[in-house]
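Heads up: the structure comes next, in structure tokens.
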Amino acid sequence: MTTPTGIDKIAFHIPAQYLNLAELARRDGTDPDKYHTGIGQTRFAVAAHDEDVVTLAASAAALILDDADKAAIDTVLLATESGIDQAKAAAIYVHQLLGLKPNCRAVELKQACYSATAGLQLACAHVARYPEKKVLLIASDIARYDLQTPGEATQGAAAVAMLISAQPRIAVLEGDSGCHTADVMDFWRPNHRSTPLVDGKLSTRTYIEAASAACADYLARGGLPFAAFAQYCYHLPFNKMASKTHQRLCQQHGIAFDPAKLEPGLAYSRDIGNSYTASLYLSLCSALDARDDLGGKAIAMMSYGSGCVAEYFALRIQPGYRNHLHSASHRAQLDNRRALTLAEYQHLWQRPDSSGHPDITFPADDNAPRYRLLAIEKHERRYGYA
Ligand code: CAA
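Mapped onto our numbering, the consecutive letters of the sequence shown carry residue numbers 41 to 426.
As structure tokens, this is what we get:
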């Protein structure tokens, strides 16, 4: 009998401001329905200049950790595709900001939007071997595309922090996964670029093909039948991508499409936008917060990262899971955000570039208590909490 392992705690942190997609539609003379109906999005979160994947990650993790967790954590895994350094792991800054003990490993994981799922697998294998240990797994990203490109409407930002343990109280990782890897140039970001290169149409086709292949592999490895799940969660570059993929998979597996098993997972993403590595786990938060009937039931998780890797797997939700959710904090963060004007958004979109200016200080852009990037001095990032 193997030790049950999985998600013991989970919470997200998002920036305190957003852009309404109607503003983008007005700027470009686009019908807002293209965004609201065509891609299924309403708003996207916009990171402040004193926010990056480290501050988002530390702020999310601070919501879930107590002193006992900090004493048990011996591994920090930070998944991101918008990292702030080519060598040093963002996980090290987060480890320091949270005051974790030094006899701990810390590493950054990369494979586009997929890598948090690799982190979940690594973390579960680790706590199965050492059931008294815990792993802090954080998915943190700021999704940015060039202005006035088709991707611009699908930006966003968020971090989801998870405490991975044996005997978890929220969700057990159940059985084998189905996987699919193929070398495809659908979305990538060479080292010299701060925004990705993307072939949007190819990326949507590749996403559906990879999801279908990973799901077929999952079933071939003896996974639960496609119809056995109470909820389906997908990586969410934009909501319509999940609806289309789920409808295709339902068709392939001969079951009727039931929106009630998909849409609870889409609510947060509609107002936050793409959060790359975090988005599948944001969908999980959305479903767990929206539904109260998932105890004992299985959720299907479809993870996708361009380039590409897909993984299809099952989480078994634990009885009493609702007592351990952070739904009130999630709601408060969404309700307390400020709408940006177009000019404010375009100012924030231009991220400070420290390459030609080794010393920059960052005034606080909002009043939300959180971790902040205070300054970059001689190319070294200084963080604090305010
Ligand atoms: N009313 C209602 N619907 C409308 C409309 C209107 N007035 N105008 C257009 N639409 C519909 C279109 O018919 C289309 O629907 P279908 O796909 O069902 O045909 C939808 O709105 C989008 O319209 P377009 O296809 O014309 O949109 P676009 O080409 O301008 O942009 C996109 C779409 C290429 C996906 C673009 O958003 C993009 O490049 N995004 C970034 C890449 C991305 O997110 N890819 C997803 C898969 S890759 C991945 O998942 C990894 C990741 O996170 C990036």
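Just so you know, even glycine gets a beta-carbon here, dropped at the ideal spot from N, CA and C. Bear in mind that the values here come from a model prediction, so they are computed numbers and not experimental data.
How far does the beta strand (DSSP E) with residue i in it extend, from its first residue to its last?
| i | result |
| --- | --- |
| residue 308 | Residue 308 -> not in any beta strand (DSSP E); alpha helix (DSSP H) instead, spanning 307-312. |
| residue 274 | 271-274 |
| residue 414 | 411-417 |
Taking 8 angstroms as the line, does the beta carbon of residue i fall inside it for any heavy atom of the ligand CAA?
| i | result |
| --- | --- |
| residue 279 | no |
| residue 77 | yes |
| residue 275 | yes |
| residue 84 | no |
| residue 226 | yes |
| residue 243 | yes |
| residue 190 | yes |
| residue 346 | yes |
| residue 223 | no |
| residue 93 | no |
| residue 212 | no |
| residue 74 | yes |
| residue 238 | yes |
| residue 183 | yes |
I'd like the span of the alpha helix (DSSP H) that includes residue i, first residue to last.
| i | result |
| --- | --- |
| residue 53 | Where residue 53 is concerned, there is no enclosing alpha helix (DSSP H), although the beta strand (DSSP E) it sits in stretches over 45-53. |
| residue 291 | 279-292 |
| residue 443 | Residue 443 lies beyond the residue range present for the chain, which begins at 41 and ends at 426; the question has no answer from this structure. |
| residue 303 | That residue, residue 303, is in no alpha helix (DSSP H); it is neither H nor E in DSSP. |
| residue 61 | 61-68 |
| residue 321 | 319-330 |
Answer with yes or no whether the minimum CB distance from residue i to chain D is below 9 angstroms.
| i | result |
| --- | --- |
| residue 312 | The question asks about chain D, but that chain is absent: this structure has only one protein chain. |
Assign residue i to one of three DSSP states: helix, strand, or coil.
| i | result |
| --- | --- |
| residue 252 | helix |
| residue 79 | helix |
| residue 358 | coil |
| residue 378 | strand |
| residue 401 | strand |
| residue 426 | coil |
| residue 179 | strand |
| residue 373 | helix |
| residue 88 | coil |
| residue 353 | strand |
| residue 3 | No statement about residue 3 is possible, as the shown extent of the chain runs from 41 to 426 and does not include it. |
>> At 3 residues or longer, what runs of the beta strand (DSSP E) sit wholly inside the segment 186-249?
In response: 196-206 and 211-221
> Where in the segment 92-138 do unbroken runs of the beta strand (DSSP E), each at least 3 residues long, occur, reported from the N-terminal end onward?
Replying inline: 113-119
> Would the segment 329-341 and the segment 97-117 be scored as touching if the rule is three or more Cβ pairs under 8 angstroms?
Replying inline: no
> Touch check for the segment 63-70 and the segment 147-156: three-plus C-beta pairs under 8 angstroms?
Replying inline: no
> Which runs of the alpha helix (DSSP H), 4 residues or longer, sit entirely within the segment 132-177?
Replying inline: 155-169
> With contact counted as at least three CB pairs below 8 angstroms, one residue from each stretch, are the segment 219-233 and the segment 345-354 in contact?
Replying inline: yes
>> Between the segment 186-195 and the segment 153-164, can you find at least three pairs of beta-carbon atoms closer than 8 angstroms?
In response: no
>> Would you call the segment 42-57 in contact with the segment 202-212, where contact means no fewer than 3 C-beta pairs closer than 8 angstroms?
In response: yes
> Would the segment 175-193 and the segment 231-243 be scored as touching if the rule is three or more Cβ pairs under 8 angstroms?
Replying inline: yes
>> Could you check whether the segment 170-182 touches the segment 280-287, counting it as contact only if at least three pairs of C-beta atoms, one from each stretch, sit closer than 8 angstroms?
In response: no
> On the three-pair Cβ rule with 8 angstroms, is the segment 128-141 touching the segment 100-120?
Replying inline: yes
>> Quick check: the segment 53-62 against the segment 211-220, are at least 3 beta-carbon pairs closer than 8 angstroms?
In response: no
> With a cut-off of 8 angstroms, do at least 3 Cβ pairs link the segment 264-275 to the segment 298-310?
Replying inline: yes
> Counting Cβ pairs closer than 8 angstroms, one from the segment 402-421 and one from the segment 77-94, do we hit at least three?
Replying inline: yes
> Would you call the segment 256-264 and the segment 359-377 touching, i.e. three or more CB-CB distances under 8 angstroms?
Replying inline: no
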